[in-house]
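Numbered per the working numbering, the sequence shown spans residues 86 to 468.
Remarks on the structure that follows.
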Amino acid sequence: MAPSLTGWSVKPREENRFSDPRARYSGLMLDPAADLAGLFQAVVDIESVSGNEAALADAVEQALRPYRHLEVSRQGNVVVARTDLGRPQRVVIAGHLDTVPLAGNLPSRREVRAGEPVLTGRGSVDMKGGVAVQIALAAALDQPRHDLCWLFYDNEEVAADKNGLGRLAAADPAQLAADFAILMEPTAGLVEGGCQGSLRVVLETAGRSAHAARSWLGRNAIHGLGPALAVLSSYSGREIDVDGLPYREGLNAVRVAGGLAGNVIPDKASLEVNYRFAPDKTLAEAEAYVRSLFPGYALRVVDAAPPARPGLGSPLAADFLAAVGQPARPKYGWTDVARFAALGVPAVNFGPGDPNLAHTDDEFAPLSQVTACRDALADWLAP
Ligand SMILES: [Zn+2]
């Protein structure tokens, strides 16, 4: 089916609100059966910076509760809507409700850029286009080919221990049990397999403080970082093929600290290093590799997120990839596909919006991509 452009006309946003006057005034109701452009815009306009997802979670829950083919449950600001049609296989389709903080970029605006209708505003790329598609399809697909679990969760953009999907995986892993998972993170409508892992370590050096006028009496801890910085500046990232996808790696200083005053030889310094690695390694292997690069340094791991292999070999993933009809790409960055991979569920990223625009102040998504993602999923899941 060719992408339908129905509803993607460009009008001032007031004219694009739902006809239900309550929606106009509260701004907090979502109609899954509304045209997708209006639904997308309404989702974007319910502000949901991490920690403030309740209004959007309420709206999603209220929008899906009336549909008899869905069993809707709510845990905190996680909303789960499941079908139970006795199908032999189950697919989880997940998206996070939260965004990074606003930058004067709400409410959203419809514009035409490079001849194409787009929606601007915080979350328009990451990842409310995907959330709008989830809401629309959860309601519309009452006889899907596979049983479905639609998952909407909070706190993806902040520390991992707050992540709603992680909390659900710990508290009720049966909800995530599936044969395949699709995470609707922005991929510009392509299938992105797996994800990189991320390791952050802090290197610490110790010296001896002294008056800067008599520096020979001390030992400068900042200078002690020199060899580590030399390793970093001469590092060139590998490109590694994993299951047919090329993953690039990066090793970078991301923070440096040290120094007490302008006339004191510092006795402490630290350097934070972030390693983004391909999914051919485990976290433990990544840590061993980083330690091997900085012999002699006291090194502390401060954050570790495991990678996920692309998982494109699973039958449902291959079938989905064929349905989308585009070659898969590797995922640069860490996403929650790793949580599914850790549970043994093959998972891919697939959603509207250019991932390079995620978290930028001027994020915007072409409306045609949102429609195309909906149509691709609807076709694949048709009975
Ligand atoms: Zn995201």
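Glycine included, every Cβ here is placed at the ideal spot set by N, Cα and C.
All of these numbers come straight from a predicted model, not from anything done at the bench.
Own chain residues within Cβ distance below 8 Å of residue i, not counting five before or after
i	result
residue 253	160, 163, 165, 236, 238, 260, 261
residue 113	131, 140, 143, 144
residue 146	157, 159, 164
residue 353	289, 290, 291, 292, 306, 343
Own chain partners of residue i with C-beta closer than 7 Å, once the 5 adjacent residues on each side are dropped
i	result
residue 379	288, 313, 316
residue 344	307, 351
residue 399	265, 431
residue 217	121, 124, 125, 128, 455
residue 428	254, 258, 261
residue 459	121, 218, 221, 222
residue 302	295
residue 426	393, 394, 396, 432
residue 171	none
Where residue i sits in the DSSP three-state scheme
i	result
residue 102	Note that residue 102 scores 39 on pLDDT, short of 50, meaning its location in the model is unreliable; the coordinates nonetheless yield the value given after this. Looking at residue 102 - three-state DSSP - the assignment turns out to be coil, as it is neither helix nor strand.
residue 111	Caution applies to residue 111, whose pLDDT of 46 falls short of 50 and renders its modelled position unreliable; the model cannot decide the point.
residue 88	Unreliable positioning characterises residue 88 in this predicted model, as indicated by a pLDDT of 37, which lies under 50. The coordinate reading is nonetheless provided below. It is coil, neither helix nor strand.
residue 331	strand
residue 417	coil
residue 189	coil
residue 294	coil
residue 181	strand
residue 348	coil
residue 443	coil
residue 405	helix
residue 118	coil
residue 425	helix
residue 267	strand
residue 376	helix
residue 66	Residue 66 falls outside the range modelled here, since the chain spans only 86 to 468, and no answer is possible.
residue 237	strand
residue 277	strand
residue 232	strand
residue 210	coil
residue 129	helix
residue 393	strand
Exposure label - residue i; buried when at least 16 CB within 10 Å
i	result
residue 126	buried
residue 457	buried
residue 111	With a pLDDT of 46 at residue 111, under the threshold of 50, the modelled position of that residue is not reliable, and the figure given next carries that caveat. Exposed, by the Cβ-count rule.
residue 197	exposed
residue 270	buried
residue 187	exposed
residue 464	exposed
residue 421	buried
residue 199	exposed
residue 228	exposed
residue 91	Low per-residue confidence applies at residue 91: pLDDT is 41, beneath 50, and the placement is therefore not dependable enough to give any value.
residue 370	exposed
residue 411	exposed
residue 321	exposed
residue 96	Confidence is the limiting factor: at residue 96 the pLDDT is only 37, short of 50, which leaves the residue's position unreliable, though a coordinate-based value still follows. Result: exposed.
residue 403	exposed
residue 299	exposed
Nearest-angstrom beta carbon gap, residue j and residue i [assumed within contact, 8 Å]
i	j	result
residue 121	residue 455	6 Å
residue 450	residue 185	About 15 Å; that fails the 8 Å criterion.
residue 397	residue 278	5 Å
residue 232	residue 175	4 Å
residue 409	residue 267	So it is not a contact: roughly 10 Å between Cβ atoms.
residue 251	residue 212	17 Å between Cβ atoms; not a contact.
residue 282	residue 368	6 Å
residue 358	residue 339	7 Å
Close Cβ partners of residue i (< 6 Å) along its chain, the five nearest in sequence each way excluded
i	result
residue 332	325, 363, 415
residue 249	163, 238, 239, 240
residue 388	285
residue 365	325, 327
residue 226	466
residue 155	149, 166
residue 355	287, 289, 342
residue 192	130
residue 86	A caution first: residue 86 carries a pLDDT of 39, below 50, which makes its placement in the model unreliable, though a value can still be read off. Here the set comprises 460, 464.
residue 134	184, 186
Beta-bridge pairing of residue i - partner residues as DSSP gives them
i	result
residue 488	One cannot answer for residue 488 here, as it falls past the ends of the chain, which runs 86 to 468.
residue 160	163
residue 386	286
residue 71	Since the first residue shown for the chain is 86 and the last is 468, residue 71 is missing from the structure and cannot be characterised.
residue 465	DSSP output for residue 465 lists no bridge partner at all.
residue 326	331
residue 450	204
residue 304	293
residue 223	Answer is none; residue 223 lacks a bridge partner.
residue 343	354
residue 433	267, 278
residue 176	233, 265
residue 134	184
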